[in-house]
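Data first, discussion second: the structure below is written as structure tokens.
Protein chains in written order, with my numbering: chain A, 57 to 209; chain B, 12 to 122; chain C, 3 to 268; chain D, 45 to 193.
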């Protein structure tokens, strides 16, 4: 429907498009976190060690504006009373305060997925923890580059 | 002084098959003031956010979200729901002052 | 009374056209970008996805507010917008596509925002709403939505032409400490990156727009203020003559592009 | 009444023009020889480390907004040519004129004049009478650019 006509632009869009729509887990979940995020994660995990896997975290690799960044978290779970996702925690590692949201889920949902739009103050990692009904914890993280505007003002 | 919670928008199908997982999408008009911005005169704009969202089905909480100031203005929240019977959803947004706003939606079983 | 006003307006419009014909309008100017592209083409897939789904697009909160305002009686005359214009989905269809337009009685070009305020102050006995205020943006967003998909088609002929010319002059005047004209970015360099910003052609067919940065619906003239400010220029006021003429020129630059209001931009 | 206005104007001018003049005269004099300014604007030699900061600072040089630079930084602009090797392609005098006032070389250029006051239109109030860079910042920036070989 919208046909690009500018070759420079088309190249740029191809670059952008190449990184989009894929689920990302580009770095180990246990790479260094900011002190504030680490403290928040420690409060949740207690003595538990989060595992990798099960979480699909979708976020744009490049956010056009950090004030409105669409994100989606999908956790692989049957969502039955015996085996479901109880909570999903989202942190922005380098925001002034890392807390973004805590979701409380129940088996009634049928699928463990949440979508929202968040604010990121700068390029940073998004960190997600998922707590299962049996107490198991999973963790994922992905980097979102937040664009820097051209005009200095 | 919290500003009034704006108009909610909710989208979900009016009917679904038994066992079908539907998507519930919600949007509410709200500035989500972080408390870190200043107005033109240099005064801090007081923090004023939607703090909690709850979805109930026939009176039972099925989904909830605790929001921090890092949620964008006009919060968009979407989640799934497995339809087992006809019933009534109630969605409630509550700000830090304890004011809340609700919307209700019925769902029927198709066929 | 109301009808008489309409007729007088129509008469003046016809007269204006006749005068222009008699005097022979200057030829239609040639566009620097003959085949313009919407800013949508310069947005990331995520931003496009928000625009392309009316539920994801938060501007529809403004649309709903505007629809309520349309039917709300305000002012001393006891009228709402609907009192005169009835169903906006019928009466307002195409209006956004041909605004700004020459106003024969006021003998100048007026924007959609200004036309709403003219109705409010002259017909409804209600106060004018501040330019770019939430209630005004809600009404203009609701009105603009009724033209979605229709090609921008402003009339720059006849008595409108001097205002167009002034807008064009503003567009092409280098200003601010950075000494840039509008076209420095939006004609000479679209498709290139200014830091992370992929420069668009600066087409106005999506306004009012929901801007991700401001997290609200903004009017075109609010955006124009931002641009002038960014080149370290002293911005004219929103709603003033300079930006109104510039908005008129910008609409002509986007002639033929579909109205996308309310669009979503970074 | 009719007299009062010019009087007030004259007073206003008398009050404001010395300030404006003294700012104007802050521009250090320089001599253009062909397409270069051969002599430095300041007696203090440019500092490449400070110049690098100027080049990257959004509120000062902000070179990276329009030019690709040989530094680790996300989102480098491409309106102008890449700066890698610029210290080899031009003499320092040639670069000095290009930074001070590119429009002396190409009036159609969109590169801002970083050390010019006259001939600007509608400058924002807080920038009136000020150049984008100080003379010393120009020299620091040049010292950095000359390291790009």
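The beta-carbon is built from N, C-alpha and C at its ideal position, and this holds for glycine as well.
Any 3 or more C-beta pairs closer than 8 Å across the segment 35-48 of chain B and the segment 77-90 of chain B: yes
Taking only three categories from DSSP, how would you classify residue 121 of chain B? coil
Is residue 236 of chain C closer than 8 Å to residue 133 of chain D when the C-beta atoms are compared? no
Check whether the Cβ atoms of residue 197 of chain C and residue 177 of chain A sit closer than 8 Å, and answer yes or no. no
If you draw a straight line from the C-alpha of residue 183 of chain C to the C-alpha of residue 16 of chain B, how long is it? 42 Å
Cross-chain neighbours of residue 201 of chain A in chain D, by beta carbon under 7 Å: 118
With 16 other CB atoms within 10 Å as the buried threshold, where does residue 129 of chain D fall? exposed
For residue 72 of chain D, write down the residues that DSSP places opposite it in a beta bridge. DSSP output for residue 72 of chain D lists no bridge partner at all.
Let me know if residue 151 of chain A comes out buried or exposed under the rule of 16 or more other beta-carbons within 10 Å of its beta-carbon. buried
Same chain, Cβ closer than 7 Å to residue 96 of chain D, five either side skipped, listed in chain order: 188
Residue 37 of chain C classed as buried or exposed, judged by whether at least 16 other C-beta atoms fall within 10 angstroms: exposed
Contact between the segment 152-163 of chain C and the segment 259-268 of chain C: three or more CB pairs below 8 Å? yes
Along the chain, where does the alpha helix (DSSP H) containing residue 50 of chain B start, and where does it finish? Neither: residue 50 of chain B is in no alpha helix (DSSP H) and is coded neither H nor E.
Would you call residue 156 of chain D buried or exposed, if buried means 16 or more other Cβ atoms sit within 10 Å of its Cβ? buried
If you measure from the beta carbon of residue 179 of chain A to each beta carbon in chain D, is any gap under 8 Å? yes
What does residue 165 of chain D touch in chain C if you count any residue whose Cβ is under 7 Å from its own? 175, 176 and 177
Between residue 286 of chain C and residue 179 of chain C, what straight-line distance do the alpha-carbon atoms span, to the nearest angstrom? The question about residue 286 of chain C has no answer here: the residues shown for chain C are numbered 3 through 268.
State the Cα-Cα distance for the pair residue 136 of chain A and residue 166 of chain A, rounded to the nearest angstrom. 8 Å
Amino acids of chain A, ordered along the chain, whose beta-carbon sits closer than 9 Å to that of residue 26 of chain B: Under the 9 Å cutoff, chain A gives no residues; its nearest Cβ is about 16 Å from residue 26 of chain B.
Given that residue 118 of chain A touches chain C, what residues does it touch there, using C-beta distances under 8 Å? 46 and 198
At which residues does the alpha helix (DSSP H) containing residue 52 of chain C begin and terminate? 47-54
According to DSSP, simplified to helix, strand and coil, what is residue 1 of chain C? The structure shown has nothing for residue 1 of chain C, since chain C only spans 3 to 268.
Could you work out which residues of chain A lie near residue 215 of chain C, taking near to mean beta carbons separated by less than 7 Å? 121 and 123
What first and last residue would you give for the alpha helix (DSSP H) that runs through residue 251 of chain C? 243-255
Could you check which residue in C:231, C:69, C:226 and C:253 has the C-alpha nearest to that of residue 245 of chain C? C:226
Taking one C-beta from the segment 56-75 of chain B and one from the segment 92-111 of chain B each time, how about it: are there three or more such pairs within less than 8 Å? yes
Whose C-beta lies closer than 6 Å to the C-beta of residue 92 of chain B among residues of the same chain, with five residues either side of it excluded? 33 and 35
6 Å CB neighbourhood of residue 100 of chain B in its chain, flanking five on each side removed: 68 and 116
Kindly say whether residue 150 of chain C, judged by its beta-carbon, lies nearer than 8 Å to any beta-carbon of chain A. no
Measure the Cβ-Cβ separation of residue 85 of chain D and residue 143 of chain D and say whether it is below 8 Å. no
Just to make sure I have the definition right: I need the residues of chain A whose C-beta is within less than 9 Å of the C-beta of residue 58 of chain B. Which are they? Ordered by position in chain A, no residue passes the 9 Å Cβ test against residue 58 of chain B, which lies about 11 Å from the chain.
Consider the Cβ of residue 195 of chain C: report whether some Cβ of chain D lies at a distance smaller than 8 Å. yes
Residue 121 of chain B: which of B:114, B:94 and B:113 sits nearest, CA to CA? B:94
With a 10 Å radius around its C-beta and 16 neighbouring C-beta atoms as the bar for buried, classify residue 82 of chain A as buried or exposed. Confidence at residue 82 of chain A is low in this model, with a pLDDT of 47, below 50, so its placement is unreliable and no value can be given for it.
Helix, strand or coil at residue 171 of chain A [DSSP, three-state]: strand
Quick one: does residue 102 of chain A have its CB under 8 Å from some CB of chain B? no
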